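Undergrad: One structure, as structure tokens, below. Some questions next.
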Amino acid sequence: AINYLHKNNIRHEDFKPQNVLIHGNSISLTDLGLRLELSDDSDFTTTGRPSAWTIRYSAPEVLDLEPRNRATHIWSLGCILLEMVSGLYGTSLSDLEEGFQRSGDGQTSFARN
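Residue numbers for the sequence shown follow our numbering, so the first one is 205 and each next one is one higher.
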């Protein structure tokens, strides 16, 4: 699913486990209503405030409102995989402001699900 997005220059705005459906050997990505096009430059970066996203699966550059690229999807996928295999999830945040503070301080935390 991520490969398809990247080949078609689409940035998903809300990677989280609830948007990943697994049925047998098939995996589908849902909630593509929250997506933007990646720009046409060589790095495939985009900027600006995302319209909606789940903080604990967001890459640091998303929280800092910095340019994002394909690696942002990989970060979010890594957070989802960490949660799936370990029962831990990254940056458990109570609100957006805390997310910006932690991101700027370089703090990372993991909590047991």
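Glycine included, C-beta positions come from ideal geometry on N, C-alpha and C.
Predicted model only: the values in this text are computed from it and were never measured.
Which residue marks the beginning of the alpha helix (DSSP H) containing S290, and which one marks its end?
TA: Translated into positions along the sequence shown, residue 290 becomes position 86. Residues R274 to S290.
Undergrad: Which of the three DSSP states, helix, strand or coil, is assigned to L267?
TA: As a position in the sequence shown, residue 267 is number 63, starting the count at 1. In this structure, L267 counts as helix in the three-state DSSP scheme.
Undergrad: In terms of residues, what are the limits of the alpha helix (DSSP H) holding I206?
TA: As a position in the sequence shown, residue 206 is number 2, starting the count at 1. Segment I206 to K211, the alpha helix (DSSP H) holding I206.
Undergrad: When you compare only the Cα positions, how much space is there between R206 and L285?
TA: The residue you call residue 206 lines up with position 2 of the sequence shown. The residue you call residue 285 lines up with position 81 of the sequence shown. The identity of residue 206 in the sequence shown is Ile, whereas the question assumes Arg. Looking at the two C-alpha atoms, the distance is approximately 14 Å.
Undergrad: Can you tell me where the beta strand (DSSP E) holding N236 begins and where it ends?
TA: The residue given as residue 236 occupies position 32 in the sequence shown. Residue 236 is actually Leu in this sequence, not Asn. Looking at the DSSP string, L236 is not in any beta strand (DSSP E), and its letter there is neither H nor E.
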